[in-house]
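Residue numbers (our numbering): 96 to 775.
Structure (structure tokens):
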């Protein structure tokens, strides 16, 4: 884990205009910079970068944040990977926490395996370029496929010579341990302890992780001597660093294009991906000849909801592979299929056409998967009634996994017309299949309710404790143990009235938390300044309330705990927070710089929010508390209808007392309510 001091140095050094300019052409507009958004297609620049605040935001798609969030989104990295990326760019040494012995061993093993793979990649590349056998066989093969030098270099292609232990001997000579040569799968160990190469006499295709690390290799047989082998392709085995079901060939090179195009093309093999890249189509990945797995689908779904599967004319292969596409539908993805003309595959077709021609062909010939599957199986079934019945059952299974009811209904109507089957029958069959899932979901809901979806507040009502998020700076160590109790369900709260005010109050904490908003007097009649954070904390405590969102409670708690530290600025502190969810939320709230309400002085000059803190913060607090108390009362009434509580006099009386207290609080707040804050 990276320490906070290092994170601060990275954020201080990383200038957002400098970083974003590597990926986006920016033009100065006033005090900010603008450019075309890298996260979606647009013709008019809507992506704004503020060097003063260190933030960026697209006002069309909404994506943005600070410099770390930009790298996370653009390069599809984790929070710590993005920090390391920026640290390397600016020459900052990363300091991380001390790992346990077990963690050190596991990390050491993984790092050693990645190091061995990097050596292997460089070795195979060097053999391809500089070894006579590599040039005569390996490079000739790539030239025959039409691959340019820049594409060969981009995908780090290589060659392994026919000598069965050439790589193994070179690696041992360079000091690499036999243990890691075997664990990566690059070498095989015989019974007598000697090792030899797995990939001898083959052209080499490195497989990269999402972040660009070489995690495995694929090797294709070429020479006459190796023609006797049973498999044309050999791949690295599963290992501590390589799980085939979670990797897609080409994802590292395709991720940015997938996000920008909002579409992913799925092909079968390595050369399909490489040839399409060379033709100018980069949003393409390969399943490497295997059926799609849930892990691979989730990987694609991170970047887009739209996928087009490209097939050649091999009907047997198509029928075998379409069975796995139902998993894409189940994930809610929009799946289309495009058949490459007979005699071609994506590799050969891409070599004959440029990107514009290829994409025009796809756009003209791609078909919705359900329609494609229906027509394909209908042709196969012919007039055989048994086969037609099997076809209908197969199509119904595919439709039933689609999560969106409207989409299912559209497909049912269309398939009913195409298959000449009554729509009612299809609806009935789909309903039967989905009923099982609904029953299982209902069982899970019942278990959740029985386990206390509504938290028993009888003890907290009798002895109210300070809610989480309102503990003093002296008790910050208790933060992890505090539990906020509420009758309001955790799910679906974003649409509630109180949640809007909760966000606005948190926005005040992050923007102006350390600012003095009013002056009060103590017992000695001395003036005491009250900051925004102090006012919010005390006001919530007065009515025994708290923020409903756990992340909001944590932010308020930390703001309160650090308020008296010299030089503390809430905005700066939370933007550089080690928890990426907090720093991301902070960036969103800071970049959304609208006025909470319009207010003009007599001279018609617009007064800023900061100048009106003494008025805005109390107004927000009253609106928030009134909304959350009203919501709590509604859900307490639901809880009182629970037989387990209604039949328990002690619990019932305690809740009724709490209900009465909240009704009194609600009545008092109603009297204080004036003009409400205008929400955006």
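Beta carbons: idealized from backbone N, C-alpha and C, even for Gly.
- Contact annotation, residue 406 with residue 381: C-beta distance approximately 13 Å; criterion of less than 8 Å not satisfied.
- Every beta strand (DSSP E) of 3 residues or more that sits fully in the stretch 251 to 331 is shown, in chain order, as 253 to 255, 282 to 284, 290 to 292, 297 to 303, 309 to 316, 328 to 330.
- If you keep only unbroken beta strand (DSSP E) runs of at least 3 residues inside the stretch 585 to 657, you get 611 to 616, 622 to 626.
- When only Cα atoms are considered, residue 347 and residue 359 end up about 13 Å apart.
- The way I'd put it, the stretch 482 to 501 doesn't touch the stretch 438 to 457; fewer than three beta-carbon pairs between them come closer than 8 Å.
- Within the stretch 437 to 465, the alpha helix (DSSP H) runs of at least 4 residues that lie entirely inside it are, in chain order, 441 to 447, 450 to 460.
- Linking residue 259 to residue 502 through their CA atoms gives a straight-line distance of about 55 Å.
- Taking a C-beta distance under 8 Å as the contact criterion, residue 252 and residue 263 do not qualify as a contact pair.
- Close CB contacts of residue 488 within its chain, under the 8 Å cut and outside five residues either way in sequence, are with 524 (chain order).
- In the three-state scheme derived from DSSP, where H, G and I count as helix and E and B as strand, residue 233 is classed as helix.
- Taking one beta carbon from each stretch, the stretch 606 to 615 and the stretch 650 to 665 have 3 or more pairs nearer than 8 Å; the two touch.
- The stretch 238 to 249 makes no contact with the stretch 305 to 318; the number of CB pairs closer than 8 Å stays below 3.
- Counting along the chain, no alpha helix (DSSP H) covers residue 142; the unbroken beta strand (DSSP E) around it starts and ends at 142 to 145.
- DSSP places residue 119 outside both helix and strand once states are collapsed to three, so it counts as coil.
- Residue 751 and residue 717 have their alpha carbons spaced roughly 24 Å apart.
- Bounds of any beta strand (DSSP E) do not take in residue 134, whose DSSP letter is neither H nor E.
- By the criterion of a C-beta distance shorter than 7 Å, residue 757 is surrounded in its chain by 724, 727, 728, once the five residues flanking it on both sides are discounted.
- Under the DSSP assignment, residue 401 falls outside any alpha helix (DSSP H), being part of the beta strand (DSSP E) whose first and last residues are 401 to 406.
- In the DSSP annotation of this structure, residue 659 is not part of any alpha helix (DSSP H), being labelled neither H nor E.
- In this structure, 163 is the residue among 163, 153, 331, 355 with its C-alpha nearest to the C-alpha of residue 102.
- Using a C-beta cut-off of 8 Å, the stretch 141 to 159 makes no contact with the stretch 203 to 217, since fewer than three inter-stretch Cβ pairs fall below that distance.
- The beta carbon of residue 686 sits closer than 7 Å to the beta carbons of 150, 152, 159 from its chain, once the five residues preceding and following it are set aside; these are given in chain order.
- Collapsing the DSSP output to three states places residue 343 in coil.
- The alpha carbon of residue 178 has as its nearest neighbour, out of 678, 331, 744, 715, the alpha carbon of 678.
- Residue 152 has 143, 159 as its beta-bridge partners, per DSSP.
- By the Cβ criterion, the stretch 330 to 347 is not in contact with the stretch 222 to 239, since fewer than three pairs of Cβ atoms, one from each stretch, lie closer than 8 Å.
- Taken through DSSP and simplified to helix, strand or coil, residue 429 comes out as strand.
- Taking all protein chains in view, the Cβ of residue 753 is crowded by 16 or more other Cβ atoms within 10 Å, so the residue is classified as buried.
- Across the structure, residue 337 and residue 309 are spaced so that their CA atoms are roughly 9 Å apart.
- A Cβ-Cβ distance of about 15 Å is found for the pair residue 317 and residue 293, leaving them out of contact under the 8 Å criterion.
- Rounded to whole angstroms, the gap between the alpha carbons of residue 314 and residue 254 is 8 Å.
- In this structure, the CA atom of residue 399 is about 10 Å from the CA atom of residue 393.
- It is roughly 28 Å from the alpha-carbon of residue 108 to the alpha-carbon of residue 135.
- Taking 8 Å as the cut-off, the beta carbon of residue 462 is found closer than this to the beta carbon of residue 431.
- Taken atom to atom, the span from the alpha-carbon of residue 186 to that of residue 166 is near 17 Å.
- For the 8 Å CB-CB criterion, residue 279 and residue 334 form a contact.
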